[in-house]
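Report on the following structure.
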Amino acid sequence: MREYGAIRLYAKELAANDNRKNQVYLGSGFGALNVIPHGEIFVDREERAGSKLDRPKAAVEFYWIDSDGRHLAPWANLILYPDYPEVRMSGFLRGCRPAPSNLMNQRLHGRVMFFGVTQDGKVLGHVVPDGHPLANEVKATQWQRLGIFLELSARLGPDPRATLLAELRRVHELGWIAGQRLRGGAKVPYSAPNAGGYTLEAELGVSPNGIAEPDFMGWEVKQYGVTNFTRYTPKSPVTLMTPEPTAGVYRAEGVEAFIRRFGYPDTRGRQGRLNFGGIYRYGGAPHARTGCSVFVEGFDPATGKIADIDGGIYLRRTAGEDAAAWSIRDMMEHWNRKHAQAVYVPSICQNPARQYQYGYPVLMCEQTDFILFLKAFVAGKVYYDPGIKLVEEEERVMEIKQRSQFRIKHAHLTELYHTHEVVDVRTA
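Taking the numbering used here, the leading residue of the sequence shown gets 5, the next gets one more, and so forth.
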């Protein structure tokens with residue numbers, strides 16, 4: 005696995021039903037999407053006996069590895085079953101002659117399948133029968149679990165969790181750190197109000213980018229401001245993600261058209277400026293300045309299931325006009341890539357020099373599922389809090405700022421994950 009570039013390694017004890025015919029079960033909910041890298045989620049519409057079956061799928065760049073090398077299984081994919089909900093893997097034998105068909109075509113007990121994940125999102129597979137030395141070692145050892153997977157990544161090199169905690173301990177011990185960010189690989193001074201996150205990222209060697217991928221060895225790192233390190237009371241909500249809308253006026257006609265139609269003059273009286281801001285919660289009244297409310301389609305709050313993968317979150321005027329929309333598929337992909345594992349680090353800001361100090365109890369969250377995000381959204385705990393503006397002078401557009409934020413109060417963070425733990429980095 006290491007030879008072919010794996011940086012994370014997992015194992016799954018296969019049931020008899022885990023075979024080509026019944027597919028390989030990867031767990032209830034959609035947590036497996038956080039573990040197995042995949043392509044864009046699409047709906048495979050297949051006609052059978054006059055009825056249409058809509059199956060959400062996502063391609064996987066999957067390779068079987070054995071003593072002869074690495075072999076592409078070109079039809080491998082993940083299949084999402086929203087009705088259950090669960091995820092299964094299929095197509096792992098088709099078109100791959102060296103694939104272990106003797107082990108994956110039959111109902112066999114005791115097999116163990118290994119999944120290696122590379123830095124560039126490839127998935128490496130290897131399977132052994134019951135009684136094989138590798139199977140025996142896996143079964144005889146206590147491993148950390150990640151959903152239905154056994155976490156074996158430490159066997160490939162440095163333990164990502166331990167490495168992250170060691171780095172956060174080092175940052176804590178630095179004391180006050182001047183505001184900074186990485187630019188071209190070098191630290192440069194930075195003093196904007198959002199410097200807390202950039203300063204921590206710079207110390208961890210994380211360059212700012214708009215890519216929806218974890219920051220540090222598979223972990224998303226987020227800081228939050230507190231007033232002191234005694235009570236750790238958060239000063240503001242946590243920004244979970246900032247995905248751009250995928251539909252509505254915002255996408256069809258552009259950001260400028262969106263602001264001019266739904267925005268409002270700056271409330272501080274700054275001339276030539278239009279804003280689109282405010283708090284938008286599911287089930288809330290239309291915003292007084294924009295006339296917009298948020299709605300969810302395709303998710304059933306009563307059952308907690310996704311009824312239509314083509315649904316989404318919609319920002320609408322009372323009259324029903326879609327100002328902006330985010331598809332469930334796109335939001336799910338963004339969330340799964342970014343939040344499989346997240347650590348939340350407290351910080352204190354010292355002015356006027358804008359220096360930061362980072363605390364020692366950190367909140368480590370794992371095993372998320374986009375369904376948990378949707379549940380929190382319809383409960384009003386996750387909300388839309390945009391910061392969008394247009395500035396013009398003499399009828400000439402000078403600046404457009406795009407920031408579509410989905411936020412949550414720190415007290416509700418743990419509801420977005422199946423497991424969480426407060427860790428003291430000084431002793432971890």
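All residues carry an ideal CB built from backbone N, CA and C; glycine is no exception.
query	result
DSSP bridge partner residues for tryptophan 223 (one or two, in chain order)	Phe220
Separation of glycine 281 from proline 390, as counted between CA atoms	5 angstroms
Coil, strand or helix - alanine 182 by DSSP	strand
Cβ-Cβ separation, serine 211 to leucine 186 (assumed contact under 8 angstroms), whole Å	5 angstroms
For glutamate 141, three-class secondary structure by DSSP	helix
Counted within 10 angstroms of its Cβ, other Cβ atoms place glutamate 44 as buried (16 or more) or exposed	exposed
Closest by C-alpha distance to threonine 237, when choosing among Thr243, Gly201 and Gly229	Gly229
Aspartate 373 - DSSP class collapsed to helix/strand/coil	coil
Alpha-carbon spacing of glutamate 17 relative to phenylalanine 46, whole angstroms	28 angstroms
Beta strand (DSSP E) segment containing aspartate 84, residue limits	Residue identity differs from the one stated: residue 84 is leucine in this sequence, not aspartate. That run of the beta strand (DSSP E) goes 81–85.
Cβ separation of alanine 139 and glycine 114, assumed to be a contact under 8 angstroms, to the nearest whole Å	7 angstroms
Cβ-based neighbour list, arginine 320, same chain, cut-off 7 angstroms, excluding 5 preceding and 5 following	Cys296, Ser297, Phe299, Asp326 and Ala327
Spatial neighbours of lysine 126 in its chain, beta-carbon cut-off 6 angstroms, leaving aside the 5 residues before and after	Glu65
Cβ-based neighbour list, arginine 159, same chain, cut-off 7 angstroms, excluding 5 preceding and 5 following	Leu13
Meets three-Cβ-pair contact criterion under 8 angstroms: the stretch 78–89 and the stretch 102–111	no
Spatial distance of arginine 174 from arginine 411 (CA atoms)	29 angstroms
Rounded straight-line distance, which links the Cα of tyrosine 67 to that of proline 60	22 angstroms
According to DSSP, residues forming a beta bridge with aspartate 326	Arg320
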